[in-house]
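What follows is a set of notes on a single structure, which appears directly below.
Protein chains: 2
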Amino acid sequence: MDMTASGSYGQFCPVAMAAEVFCTRWTPLILRELLCGSRHFNDLKRGVPRISPTLLSKRLKELQLAGLLDCTEGATGGTEYSLTPAGEDLRGLVMGLGFWGARWVDTQKSLKNLDPSLLMWDMRRHLNPTPMPPRRYTIQFRYPELPNRRDWWLVVERQDVDLCQADPGFEVDLYVETSLKSMTSIWMGMATVQSEMTAGRFQADGDKEIVRSMQAWLGLSPFAHKQAS
Amino acid sequence: MDMTASGSYGQFCPVAMAAEVFCTRWTPLILRELLCGSRHFNDLKRGVPRISPTLLSKRLKELQLAGLLDCTEGATGGTEYSLTPAGEDLRGLVMGLGFWGARWVDTQKSLKNLDPSLLMWDMRRHLNPTPMPPRRYTIQFRYPELPNRRDWWLVVERQDVDLCQADPGFEVDLYVETSLKSMTSIWMGMATVQSEMTAGRFQADGDKEIVRSMQAWLGLSPFAHKQAS
DNA sequence: CTGCATCCTCTTCGATACTG
DNA sequence: CAGTATCGAAGAGGATGCAG
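If you read the sequences in order, they're chains A and B.
For the first sequence, the numbering used here assigns the number -5 to the initial residue and increments by one for each residue that follows.
For the second sequence, the numbering used here assigns the number -5 to the initial residue and increments by one for each residue that follows.
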C-alpha cells in the first residue's frame, strides 16, 4: 500500500484532501480564470501568463481527474473547458482567498508585480460599456515608462469589448496616459482616477462626461478595497 | 528587477498574492493545526506527521515573514507559536477548504488515508467529557487489524482528556474494538456508532448508558457531513 | 493558431540522522 | 523540546518542436 502517492498528504482530513487538489502551484489562478469564464487553453494562458504550457496542460488534466473540470470538443474544433458543480463550488474559496489577499497582503508588495497584459485583460473583462455612447468607442492607454507593450486599445462596440496591442486604426475617442502603477492602483481600489489625476500621474483626453464617469465604467477589480464612494 | 522571486506568481492579483502564502505544500495543514490551538513545534508535528521537521521549520519561518504567525519564548522555555490577526482571519478559508473536501472528495478516496495517530489525536481534541461521570474515566480503543499502534487509551479526568499509546494502568471503564476504517467513518460522519455496531464492525463493552450516548460525547469531525440525528 | 509533447536544467521536497 | 545537516528523488520552469 503506497501511502506516499505523489503529492498526497496521507490524511483523511477533508482539509488535506481538498488541499491536495486546490493548493498546488498555479491551481488557484487557473481556477480563478475558469471561474471568470475562460474556456480555452490560450485564454487560460493569457490569464496565467507565467505558467508553462506543459504545466497548464498537466494541471487541467489533474482538475479533470479530480472531477472539477469538464473537457468537451468545442464548436470551432478547439477543446472547451468548463467547471463541474464541484469546481463551481470553489468560487467562494477563490474569492475568499482574493479578499484575504486584498486585506492583508502589503500593498507595496502587490505593486511590485505589475503586468500590463494582465491588467488590461482584467480591465477588459470587467469594463461596463453601459455609460458609453451607443456606437463604437475606442480608448487608448499609454504607459510611457514601458519599453514595449506601451500602447493598448480597448474597442467597445455594443456590449463587446476588444483588447488590442496593435493600433486598430479607428479614431481614438479617449486617450489615457498614466503609469502602470497608477493604473493598477486605481484598478485595485487603492487609488481613484480623481486622486491620481490630481497628483499629476494620470491624464485623460476626450469627452469630459466620459472622463468624469471613468471611475464608474472602468469598474474595479472584484477584490478592490471598498472605497467610500 | 527580478520578477521571478522564487515561488512568486508575478501577479498583483490578490488571489495570486494570497495563494503564494496559503497554497504551498503543507501550509493549509499547518494552519489547521494552529487554528485548532497547537502552539508548539512538536504538537504541530503530531498533527502533520508526514512533514519533515526541516520543512515544518521552514514553513513556520515563512508564515512569520508573511505576518501570519507570532513566535515568542514560552513560559517553559520552548518556543510558542500563535497566529496574528491576519493568520486568524484565514480560519474561514481553512474551514471552507474542509467543507468543500467533505462535500466533494470521494469518500472511498478519503478512507484510503487512514491513520490511527491522527484520528485519535483529533478525537482527543474534540471529545466532550460532559456526559462522563465526574471521576477519572478510561476508554481503551483496539484496532485488531493493525500490526502496531493497535491499542489506544483516552483518559478523561475533569475536563481534560489525555491520549496514551501505552497502557496507563488504570481500570478500563469502556473497551472499544473496531476497525480503523469504521472508527474513521464514524468520526467523519459517514457512518454512525449504531450503524457500525449493527453491521458487526464495532463492539463496545462497558456502561450501557455511556455506550448509548457514545455518538454524542465522541463528537464528530468539524467537517463531518451533517447527519439526520 | 490551438493544444499540447519532449528534453533539459534547476529548485524543492522527503528521509534520515544528528545537535544545542 | 526544537530544531539543523545532508543528500538523493521528485517536481517545476524554459525552450523548442509538432500535429490538427
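Quick reminder that beta carbons are idealized off the backbone N, C-alpha and C, glycines included.
What you are looking at is a predicted structure, and each value in this text was computed from that prediction instead of being measured.
Practice item. Evaluate contact between the region 121 to 140 of chain A and the region 170 to 185 of chain A, counting only Cβ atoms and requiring at least three cross-stretch pairs below 8 Å. Key: These segments touch.
Check your understanding: What three-state label does DSSP hand Leu121 (chain A) in the structure shown?
Key -> Start at 1 with the first residue of the first sequence, and residue 121 (chain A) comes out as number 127. Three-state DSSP puts Leu121 (chain A) in coil, outside helix and strand.
Exercise for review: Establish whether the CB of Gln301 (chain A) and some CB of chain B are separated by less than 8 Å.
Suggested key: Only positions -5 to 223 of chain A appear in this structure, which leaves residue 301 (chain A) out of reach.
Exercise for review: Under the assumption that Arg118 (chain A) contacts Val155 (chain A) (Cβ atoms under 8 Å), give the Cβ distance between them as a whole number of angstroms.
Suggested key: Here the question's residue 118 (chain A) lines up with position 124 in the first sequence. Here the question's residue 155 (chain A) lines up with position 161 in the first sequence. Their Cβ separation, rounded to whole angstroms, is 5 Å, which keeps Arg118 (chain A) and Val155 (chain A) in contact under 8 Å.
Check your understanding: With 16 as the cutoff for other CB atoms within 10 Å, does Gln197 (chain A) come out buried or exposed?
Key -> By one-based count along the first sequence, residue 197 (chain A) stands at place 203. Gln197 (chain A) counts as exposed, since fewer than 16 other beta carbons sit within 10 angstroms of its beta carbon.
**Study point:** Alpha-carbon spacing of Gly81 (chain A) relative to Phe16 (chain B), whole angstroms
**Key:** Here residue 81 (chain A) is taken as the residue at index 87 of the first sequence, counted from 1. Here residue 16 (chain B) is taken as the residue at index 22 of the second sequence, counted from 1. Roughly 19 Å separates the two Cα atoms.
Practice item. Tell me whether the beta-carbon of Ala13 (chain B) lies closer than 8 Å to the beta-carbon of Leu23 (chain A). Key: Position 19 of the second sequence holds residue 13 (chain B). Position 29 of the first sequence holds residue 23 (chain A). Their beta carbons are under 8 Å apart, which means Ala13 (chain B) touches Leu23 (chain A) by this criterion.
**Study point:** Any 3 or more C-beta pairs closer than 8 Å across the region 111 to 126 of chain A and the region 90 to 106 of chain B
**Key:** Using a C-beta cut-off of 8 Å, the region 111 to 126 of chain A makes no contact with the region 90 to 106 of chain B, since fewer than three inter-stretch Cβ pairs fall below that distance.
Review point. Residue range of the beta strand (DSSP E) that Val170 (chain A) falls in?
Key: As a first step, residue 170 (chain A) is located in the first sequence; it is residue number 176 there, counting from the start. For Val170 (chain A), the enclosing beta strand (DSSP E) starts and ends at Leu168 to Thr172.
Review point. Taking Cβ positions only, does Cys17 (chain B) come closer than 8 Å to chain A?
Key: Residue numbering aside, residue 17 (chain B) sits at position 23 when the second sequence is read from its first letter. Yes - at least one Cβ of chain A is within 8 Å of the one on Cys17 (chain B).
Point to revise | Coarse secondary structure for Phe217 (chain B), derived from DSSP in three states | key: Residue 217 (chain B) sits at position 223 when you count from the first residue of the second sequence. The three-state secondary structure of Phe217 (chain B), taken from DSSP, is coil.
Practice item. For Val99 (chain B), return the contacting residues in chain A, with the cut-off set at a CB-CB distance below 7 Å. Key: In the second sequence, the residue the question calls residue 99 (chain B) occupies position 105. What Val99 (chain B) touches in chain A: Pro8, Met11 and Ala12.
Review point. How would you label Ser32 (chain B), buried or exposed, when you count the other beta carbons within 10 angstroms and need 16 or more for buried?
Key: By one-based count along the second sequence, residue 32 (chain B) stands at place 38. Looking at its Cβ environment, which holds 16 or more other Cβ atoms inside 10 Å, Ser32 (chain B) is buried.
**Study point:** Leu63 (chain B) classed as buried or exposed, judged by whether at least 16 other C-beta atoms fall within 10 angstroms
**Key:** Position 69 of the second sequence holds residue 63 (chain B). Buried is the call here.
Review point. What residues in its chain sit with their C-beta under 7 Å from that of Ile204 (chain A), if we drop five residues either side in the sequence?
Key: In the first sequence, the residue the question calls residue 204 (chain A) occupies position 210. Answer for Ile204 (chain A): Leu168, listed in chain order.
Point to revise | Per-residue contacts from Val88 (chain A) into chain B (C-beta, under 8 Å) | key: The residue labelled residue 88 (chain A) in the question sits at position 94 within the first sequence. Chain B residues near Val88 (chain A): Val9.
Check your understanding: Can you give the Cα-Cα distance for Thr186 (chain A) and Ala96 (chain A), rounded to whole angstroms?
Key -> If you number the first sequence from 1, residue 186 (chain A) lands on position 192. If you number the first sequence from 1, residue 96 (chain A) lands on position 102. Straight-line Cα distance between these residues: approximately 16 Å.
Point to revise | Start-end ranges of the alpha helix (DSSP H) lying completely within the region 79 to 142 of chain B, minimum 4 residues | key: As far as the region 79 to 142 of chain B is concerned, its whole alpha helix (DSSP H) runs of at least 4 residues are 79 to 82, 85 to 98, 101 to 104 and 110 to 120.
Review point. Among residues of its own chain, excluding the 5 on either side of Tyr3 (chain B), which ones have a beta-carbon nearer than 6 Å to its beta-carbon?
Key: Taking the second sequence and counting its residues from 1, the one referred to as residue 3 (chain B) is at position 9. Here Tyr3 (chain B) has Ala10 as same chain residues with Cβ atoms under 6 Å from its own Cβ, once five neighbours each way along the sequence are excluded.
Review point. Alpha carbon to alpha carbon, what distance is there between Leu57 (chain B) and Phe35 (chain B)?
Key: Taking the second sequence and counting its residues from 1, one reaches residue 35 (chain B) at position 41. Taking the second sequence and counting its residues from 1, one reaches residue 57 (chain B) at position 63. Rounded to the nearest angstrom, the gap between the Cα atoms of Phe35 (chain B) and Leu57 (chain B) is 14 Å.
Review point. Under a Cβ-count criterion, where at least 16 other Cβ atoms within 10 Å of its own Cβ denotes burial, should Asp100 (chain A) be classed as buried or exposed?
Key: Within the first sequence, numbered from 1, the residue matching residue 100 (chain A) stands at position 106. Exposed.
Exercise for review: Kindly identify the DSSP beta-bridge partner or partners of Asp64 (chain B).
Suggested key: One-based indexing of the second sequence puts residue 64 (chain B) at position 70. Paired residue(s): B:Ser76.
Check your understanding: Gly90 (chain B) to Trp94 (chain A), Cα distance in whole Å?
Key -> Looking up residue 90 (chain B) in the second sequence gives position 96. Looking up residue 94 (chain A) in the first sequence gives position 100. Between Gly90 (chain B) and Trp94 (chain A), the alpha-carbon positions lie close to 13 Å from each other.
Exercise for review: Indicate the three-state DSSP secondary structure (helix, strand or coil) for Ala193 (chain B) in the structure shown.
Suggested key: Residue numbering aside, residue 193 (chain B) sits at position 199 when the second sequence is read from its first letter. In the three-state scheme derived from DSSP, where H, G and I count as helix and E and B as strand, Ala193 (chain B) is classed as coil.
**Study point:** 8 Å Cβ cut-off: residues of chain B touching Gly178 (chain A)
**Key:** By one-based count along the first sequence, residue 178 (chain A) stands at place 184. For clarity, residue 178 (chain A) is Thr in the given sequence; the question names Gly instead. What Thr178 (chain A) touches in chain B: Phe6.
Review point. When DSSP builds the beta bridges, which residues end up paired with Val150 (chain A)?
Key: Position 156 of the first sequence, counting from 1, holds the residue named residue 150 (chain A). Bridge partners of Val150 (chain A): A:Tyr131 and A:Val155.
Point to revise | Sequence-distant residues of its chain with Cβ nearer than 6 Å to Ile45 (chain B) (five each side left out) | key: Reading the second sequence from its first residue, position 51 is the one you call residue 45 (chain B). Closer than 6 Å at Cβ, skipping near neighbours: Trp20.
Practice item. Using a threshold of 8 Å, state whether the C-beta atoms of Thr73 (chain A) and Cys65 (chain A) are closer than that. Key: Stepping through the first sequence from its first residue, residue 73 (chain A) is reached at position 79. Stepping through the first sequence from its first residue, residue 65 (chain A) is reached at position 71. With a cutoff of 8 Å on beta-carbon distance, Thr73 (chain A) and Cys65 (chain A) are scored as near each other.
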